[in-house]
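So for the sequence shown, our numbering puts the first residue at 29; every next one is plus one.
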Amino acid sequence: MTAPLSPDHCPVPEEDDSAGEAPTSSTAASASPPPRFDLRDRRTRAALALLLILLLTPFIRYAWFLLLPSGSGKTVRIIDFEKGDTPRRIADELERSGVISSARLFVIYTRLSDAAGRLQAGEYQFTDAMRPSEILRKMVNGEVYAERFAVPEGYSIYQVAELLEERRIFRRDAFLKAAGDPKLLTELGIDGTSVEGYLSPSTYNVTKKMDEAALIRAMVAHADKIYAERFAAEARRLGISRREVVTLASLIEKEAISAAERPLISSVFHNRLGKGMRLQSDPTAIYGIRAFGGNVSKRDIERATPYNTYRIPGLPPGPIGNPSDAAIDAALHPAQTGYLYFVARKDGTHHFSATLAEHNAAVRTYLRGAAAPTTELRTEHPSITGRR
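Here it is in structure tokens:
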């Protein structure tokens, strides 16, 4: 029989070693709160700055693209865009030509501006000094590239045709053919054999897609507008047709070197017409043959042409040039004088006379030493100018 253990020998329960141990590092980490977002931390601020730069860079690049042109204007390009070209194709061509710096950004700008469907086809002139907004505006408004062509005051259709050929815009013969095209004349409401007298002296834009007829239409439309606004009412009051007005104005334009003398020269023509005298205007003797340079020969004044007012009474059958507004005004508002003659001085002005004797004296004064026969001065209808 086993004896009971003494109190000294009672078993003592073993202690749990884990109960008194400190927690391990992994346990402590899982139990601690997450670190706070501290803007005072240098690394945090650096990370935020980098993120902000990455986010803003595209916007800065886009703003830079819109505000600053890609160059200084040394690059000039004429580009022809056809109907149906997409904004992407247009942008690619602009970038390839050096006009813009980014086709992608131009496409984005075009779409954000709601202009993608409003770009007009045509030939445009761009420079690298233009901002995208300027380029887009030109294309939306259809401001196509055009050759500037000025029609000088008094030029005939022959002179206009030669000028067009010199500028390599149209061929001379092609323009003259269009100027006398019966179908075009009917369309324009012109009663005559050509558009002579109805081409307003002005500056016109000739685009690549224009032909001779299109330019003529623009010139005539400009002349029609001015005549309707400024001269039609007065012509009706006087009972003078537009054809008569522009015909007389074309003679005044050719004879007047000084603009201030237009009303005086007009008075001479009106006075001679009123007396049944031939106009004997030098420019009419060579119309359609060569340009008027201030002098004509005896052979010229004896040439039988429908326009030669040395041979025909009254006004020629049509204008001999395209008169300015001032010449048309002078034709309708002549100065009130008794003059029937004028002779050119050497300073570009004229001496006006009321009688043949006064005129002959002026001829001797101003044309002294000139080899000029005076036969015309002793005819029934003496020369108006005394130039020969």
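The beta carbon of each residue, even a glycine, is placed where N, CA and C say it ideally should be.
Predicted model, so just to flag it, every value in this text is computed and none were measured.
| Check | Outcome |
| --- | --- |
| Beta carbon of Thr231 nearer than 8 Å to that of Arg195 | no |
| Between the CA atoms of Leu243 and Thr235 - distance to the nearest angstrom | 9 Å |
| Reference Gln148; option with closest CA among Glu240, Ile163, Tyr137 and Pro86 | Ile163 |
| Option in Glu386, Ala131, Thr312 and Pro351 with minimal Cα separation from Ala332 | Thr312 |
| Spatial neighbours of Ile197 in its chain, beta-carbon cut-off 7 Å, leaving aside the 5 residues before and after | Glu175, Phe177 and Val234 |
| Distance, Val168 Cα to Glu110 Cα | 14 Å |
| Residues bridged to Ile106 [DSSP beta-bridge criterion] | Gln153 |
| Runs of alpha helix (DSSP H) wholly within the segment 234 to 291 (minimum 4 residues, chain order) | 240 to 258, 260 to 266 and 270 to 283 |
| Secondary structure of Arg176, DSSP reduced to three states | strand |
| Coarse secondary structure for Ala385, derived from DSSP in three states | helix |
| C-alpha gap between Gly126 and Glu181, whole angstroms | 41 Å |
| Three-state class that DSSP yields for Ala57 in the structure shown | In this prediction, Ala57 has a pLDDT of 48, which is less than 50 and means its spatial position is unreliable; nothing more can be read from the coordinates. |
| Three-state secondary structure (DSSP) of Tyr367 | coil |
| Buried or exposed (CB count within 10 angstroms, at least 16 for buried), Val248 | buried |
| Buried versus exposed call for Phe370 [16 or more other C-beta atoms within 10 Å across all chains shown] | buried |
| DSSP bridge partner residues for Thr231 (one or two, in chain order) | Ala178 |
| Segment contact flag, the segment 352 to 371 with the segment 270 to 282, C-beta cutoff 8 Å, min 3 pairs | yes |
| For Ala372: DSSP bridge partner residues | His378 |
| Straight-line gap, Ala385 to Leu307 (C-alpha atoms, nearest Å) | 18 Å |
| Ala313, DSSP secondary structure in three states | helix |
| Exposure label - Val40; buried when at least 16 CB within 10 Å | For Val40, the pLDDT reaches just 48, beneath the cut-off of 50, and the residue's location in the model is therefore unreliable, although a value from the coordinates is still provided. Exposed, since its Cβ has fewer than 16 Cβ neighbours within 10 Å. |
| Reference Asp239; option with closest CA among Leu227, Gly220 and Phe203 | Phe203 |
| The segment 182 to 193 contacting the segment 116 to 135, beta-carbon criterion three pairs below 8 Å | no |
| Phe87 burial status per 10 Å Cβ neighbour count (16 or more: buried) | exposed |
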